[in-house]
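*Asks:*
Residue numbers (this note's numbering), protein chains in the order written: chain A, 7 to 330; chain B, 2 to 302.
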């Protein structure tokens, strides 16, 4: 058990180092930092002096070590575009993206799991066929089109919900939250649904496939033969065993949610990290791009680590193997 | 003989599935329309002389104030919507298909080699694939696009937009091909015909491409259809975000981005007609993909 956790942690550190290396390479080799920092009138000698002062002539390994060390200390450098510290820029955007992502994920699970179970248990039902057809269309509609459609229906035609921004936010110890005001929830609803729809179809399809697989297995047949009540059979015996893959997708989907939040944030002008990333690409603001990558990877690694630990909690077989 | 029966069975299933027939019809018509756009389109969106501002913002013919010449109406520049969509689909399909081909060649090549050689090479390829799978395709494509903006000199950037976009999409899609090809190759490696070919002293390249590849085409074909849909969606999304193509070479995504400006005014057709078309195309390709998967995987039937 301890060995397993330790192994996963070392793996995570490796992934983070790889991503840090990627970000460093971006920073170092895409465009010249010196030309970004100085103007046209800076003389070549001054440029060279600056290069030496900043340590850009040092061996590659030194530079990378220093870069990683700075990152660990929370020093992420300065944006080429706004000249502000990147750490501040990103930190101020994190709450918006995380709240959006988590609410979207919750929506996708609350609807996706029951729908998946239902369509697996009644594969020939009319409702099942309708749901399956709808999800096929749902997968094919790009996120931004879903966003535009929701804006058009609920924002423009019905005028019920705001179509851009975060609405009223509440400051809680530096965390700017839209979860504590009615206005904030109104603004959050459309973007969260937009972001959740695609994940919802994935969740549903996976739960359905898993559930159908389990229902065919021997122990379910045996339980049936033993006369276990249907409800208990479905929800205690079958559903419990589909939970491991479901937890995996929550982990995997988190990456999807964060990535697609770029699109959703763009459609709704939601002031999160994704919008910042898009702006930084448009202006080739390399430091912001690099740090965004590192921050996203960090969230991703963290969630996957938690997911792996949850496995052990959920699946008793993993614990037994460790004892022997 | 078995191959013949299989083919025949697929055809039989196809004829009895209305969804698949409609999907195939939409896909084929789109391909034809896109291929022959210069000959059938009313105006050429790239040629400023072929349309006039006086025809701007005309509604589709079933609404008041329409010009019967423009069946689906015109945009603010006076471009016929049908022509814009045909040319847009042309660009989207060219980018999607090129990206798909690059991804398929790269992915299948690496996957075959990984499955054939196994060992360290396999481990390296699969680790790279794992890392990339962790990053969703859209993020990879955006990053590659951003890097290209940083590396390429500004003077040639506009000309290379299509190439950069294609490459960005291709590099975010190869993983699916590699994983599928590798898994199928592993299965084939134990078969006697492969062992016999190796025993006969045939070169690895020949064993991989002449003997193994034809036998793993089925699952690869399914990936190809599904990924074509993803490639078209990726292109549309990137262009919609304003990262992909500039407004003067309108793909389907760019048309939708331009149409967004008319969301609040009354000219709904400029936004919704390209959108509807994009969704119909992608839904059709996905339905075909699902259909192919069912044929190649009888267990799911």
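Note that the Cβ used here is the ideal one computed from N, Cα and C, for glycine as well.
What are the uninterrupted segments assigned as alpha helix (DSSP H) that are 4 or more residues long and contained completely in the region 106–156 of chain B, given in chain order?
*Replies:* Those alpha helix (DSSP H) runs which fall completely within the region 106–156 of chain B and span 4+ residues are 120–135 and 138–152.
*Asks:* Please compile the residues from chain A whose C-beta is within a distance smaller than 7 Å of the C-beta of residue 283 of chain B.
*Replies:* Indexing the second chain from 1 puts residue 283 of chain B at position 282. Ordered by position in chain A, the residues that pass the 7 Å Cβ test against residue 283 of chain B are 146.
*Asks:* For chain B, check one thing: does any of its Cβ atoms lie closer than 8 Å to the Cβ of residue 157 of chain A?
*Replies:* Within the first chain, residue 157 of chain A is the residue found at index 151, counting from 1. Yes, contact with chain B.
*Asks:* Step through the CB atoms of chain B and report whether any lies within less than 8 Å of the CB of residue 2 of chain A.
*Replies:* Beyond the ends of chain A as shown, which are 7 and 330, falls residue 2 of chain A; an answer cannot be given.
*Asks:* Starting from residue 177 of chain A, trace the beta strand (DSSP E) both ways and give me its first and last residue.
*Replies:* Start at 1 with the first residue of the first chain, and residue 177 of chain A comes out as number 171. Per DSSP, residue 177 of chain A belongs to the beta strand (DSSP E) from 176–178.
*Asks:* Where does residue 183 of chain A fall in DSSP's three states?
*Replies:* Numbered from 1 along the first chain, position 177 holds the residue referred to as residue 183 of chain A. Strand, per DSSP.
*Asks:* Rounded to the nearest angstrom, what separates residue 198 of chain B and residue 214 of chain B at their Cα positions?
*Replies:* Here residue 198 of chain B corresponds to residue number 197 of the second chain, with the count starting at 1. Here residue 214 of chain B corresponds to residue number 213 of the second chain, with the count starting at 1. Near 13 Å, if we compare the C-alpha coordinates of residue 214 of chain B and residue 198 of chain B.
*Asks:* Could you tell me whether the Cβ atoms of residue 186 of chain B and residue 108 of chain B are closer together than 8 Å?
*Replies:* Along the second chain, read from residue 1 onward, the residue named residue 186 of chain B stands at position 185. Along the second chain, read from residue 1 onward, the residue named residue 108 of chain B stands at position 107. No. Outside cutoff.
*Asks:* Roughly how many angstroms separate the alpha carbons of residue 237 of chain B and residue 274 of chain B, rounded to a whole number?
*Replies:* Indexing the second chain from 1 puts residue 237 of chain B at position 236. Indexing the second chain from 1 puts residue 274 of chain B at position 273. Answer to the nearest angstrom: the Cα atoms are 14 Å apart.
*Asks:* Could you spell out the range, first to last residue, of the alpha helix (DSSP H) harbouring residue 191 of chain B?
*Replies:* Position 190 of the second chain, counting from 1, holds the residue named residue 191 of chain B. Element bounds for residue 191 of chain B: n/a, residue is neither H nor E.
*Asks:* Spatial neighbours of residue 93 of chain B within its chain, please: CB distance less than 6 Å, with the 5 preceding and 5 following residues excluded, ordered by chain position.
*Replies:* Residue 93 of chain B sits at position 92 when you count from the first residue of the second chain. Once the five neighbours on either side are set aside, the close Cβ partners of residue 93 of chain B are 233, 236, 252 and 253.
*Asks:* Closer than 8 Å by C-beta to residue 18 of chain B: which residues in its own chain qualify, once you throw out the five before and the five after it? Chain order, please.
*Replies:* Translated into positions along the second chain, residue 18 of chain B becomes position 17. Contacts found: 292.
*Asks:* Report the option in A:209, A:292, A:310 and A:273 whose CA atom is closest to the CA atom of residue 149 of chain A.
*Replies:* Start at 1 with the first residue of the first chain, and residue 149 of chain A comes out as number 143. Checked all of A:209, A:292, A:310 and A:273; the closest Cα to residue 149 of chain A is A:273.
*Asks:* Determine the DSSP secondary structure at residue 15 of chain B, reduced to helix, strand or coil.
*Replies:* As a first step, residue 15 of chain B is located in the second chain; it is residue number 14 there, counting from the start. Here residue 15 of chain B sits in helix by DSSP.
*Asks:* Candidates B:74, B:243, B:95 and B:288: which alpha carbon is nearest residue 164 of chain B's?
*Replies:* To locate residue 164 of chain B, count along the second chain from 1; it is residue 163. Cα-wise, what sits closest to residue 164 of chain B is B:95.
*Asks:* Taking 8 Å as the CB-CB cut-off, is residue 290 of chain A touching chain B?
*Replies:* Taking the first residue of the first chain as 1, we reach residue 290 of chain A at position 284. Closer than 8 Å to some Cβ of chain B, the Cβ of residue 290 of chain A qualifies, so yes.
*Asks:* Curious, which full-length alpha helix (DSSP H) runs of at least 4 residues does the region 44–110 of chain A contain?
*Replies:* Correct list: 50–59 and 66–78.
*Asks:* Going by Cα to Cα distance, which pick from A:290, A:306, A:182 and A:129 is closest to residue 256 of chain A?
*Replies:* Taking the first chain and counting its residues from 1, one reaches residue 256 of chain A at position 250. Closest by alpha carbon: A:306.
*Asks:* For residue 80 of chain B and residue 181 of chain B, I'd like the C-alpha separation in whole angstroms.
*Replies:* The sequence position of residue 80 of chain B within the second chain is 79, counting from 1. The sequence position of residue 181 of chain B within the second chain is 180, counting from 1. Using only the alpha carbons, I get a separation of about 44 Å.
*Asks:* Any beta-carbon of chain A closer than 8 Å to the one on residue 151 of chain B?
*Replies:* For the purposes of this step, residue 151 of chain B is identified with residue 150 of the second chain, where counting begins at 1. Answer yes: the Cβ-Cβ gap between residue 151 of chain B and chain A drops below 8 Å somewhere.
*Asks:* Since residue 295 of chain B is in the alpha helix (DSSP H), which residue starts that stretch and which ends it?
*Replies:* Counting from 1 along the second chain, the entry for residue 295 of chain B is found at position 294. Segment 269–297, the alpha helix (DSSP H) holding residue 295 of chain B.
*Asks:* What's the gap between the Cα of residue 124 of chain A and the Cα of residue 234 of chain A?
*Replies:* Sequence index remark: in the first chain, residue 124 of chain A carries index 118 (1-based). Sequence index remark: in the first chain, residue 234 of chain A carries index 228 (1-based). Each residue's Cα considered, the two are about 19 Å apart.
*Asks:* I need the straight-line Cα distance from residue 219 of chain B to residue 12 of chain B, nearest angstrom please.
*Replies:* For this step, residue 219 of chain B is matched to residue 218 along the second chain. For this step, residue 12 of chain B is matched to residue 11 along the second chain. Going by the C-alpha atoms only, they are around 15 Å apart.
*Asks:* Taking Cβ-Cβ distances below 8 Å as the criterion, which residues of the region 255–283 of chain B are in contact with chain A?
*Replies:* Listed by position along the chain: 257, 261, 264, 265, 272, 276, 279, 280 and 283.
*Asks:* Could you please give the first and the last residue of the uninterrupted alpha helix (DSSP H) stretch that includes residue 262 of chain B?
*Replies:* For this step, residue 262 of chain B is matched to residue 261 along the second chain. Element bounds for residue 262 of chain B: n/a, residue is neither H nor E.
*Asks:* For chain B, check one thing: does any of its Cβ atoms lie closer than 8 Å to the Cβ of residue 200 of chain A?
*Replies:* Numbered from its first residue, the first chain carries residue 200 of chain A at position 194. Chain B contact via Cβ: absent.
*Asks:* Locate the alpha helix (DSSP H) running through residue 220 of chain B, then write down its first and last residues.
*Replies:* To locate residue 220 of chain B, count along the second chain from 1; it is residue 219. First-last of the alpha helix (DSSP H) with residue 220 of chain B: 218–241.
*Asks:* Per DSSP, which residues does residue 236 of chain A bridge with? Please list them.
*Replies:* As a position in the first chain, residue 236 of chain A is number 230, starting the count at 1. Answer is none; residue 236 of chain A lacks a bridge partner.
*Asks:* With the cut-off set at 8 Å, would you say residue 282 of chain A and residue 201 of chain A are in Cβ contact?
*Replies:* Here the question's residue 282 of chain A lines up with position 276 in the first chain. Here the question's residue 201 of chain A lines up with position 195 in the first chain. No, the pair does not count as a contact, with Cβ atoms beyond the cut-off.
*Asks:* Mark residue 332 of chain A as exposed unless 16 or more other C-beta atoms lie within 10 angstroms of its C-beta, in which case mark it buried.
*Replies:* Summary: the structure shown does not reach residue 332 of chain A, with chain A confined to residues 7 through 330, and so no result is reported for it.
*Asks:* Return the first residue and the last residue of the alpha helix (DSSP H) that residue 314 of chain A is part of.
*Replies:* By one-based count along the first chain, residue 314 of chain A stands at place 308. It spans 292–320 - the alpha helix (DSSP H) in which residue 314 of chain A sits, taken as one unbroken run.
*Asks:* What does residue 81 of chain B pair with, by DSSP beta-bridge criteria?
*Replies:* Your numbering for residue 81 of chain B matches position 80 in the second chain. According to DSSP, residue 81 of chain B bridges with B:75.
*Asks:* List the residues of chain A that residue 132 of chain B touches, going by C-beta distances under 8 Å, in chain order.
*Replies:* Translated into the one-based positions of the second chain, residue 132 of chain B becomes position 131. 21 and 24, listed in chain order.
*Asks:* I'd like to check one pair, residue 85 of chain A with residue 95 of chain A: are the Cβ atoms closer than 8 Å?
*Replies:* For the purposes of this step, residue 95 of chain A is taken as residue 89 along the first chain, with counting starting at 1. For the purposes of this step, residue 85 of chain A is taken as residue 79 along the first chain, with counting starting at 1. In this structure, residue 85 of chain A lies closer than 8 Å to residue 95 of chain A by Cβ.
*Asks:* Give every residue of the same chain whose Cβ lies closer than 6 Å to the Cβ of residue 110 of chain A, excluding the five residues on either side of it in the sequence, and list them in chain order.
*Replies:* Within the first chain, numbered from 1, the residue matching residue 110 of chain A stands at position 104. 198, 201, 202 and 263.
*Asks:* Round the Cβ separation of residue 80 of chain A and residue 72 of chain A to the nearest angstrom and send it over; I've been treating them as touching at under 8 Å.
*Replies:* Here residue 80 of chain A is taken as the residue at index 74 of the first chain, counted from 1. Here residue 72 of chain A is taken as the residue at index 66 of the first chain, counted from 1. The pair is not a contact, with the Cβ atoms about 14 Å apart (cut-off 8 Å).
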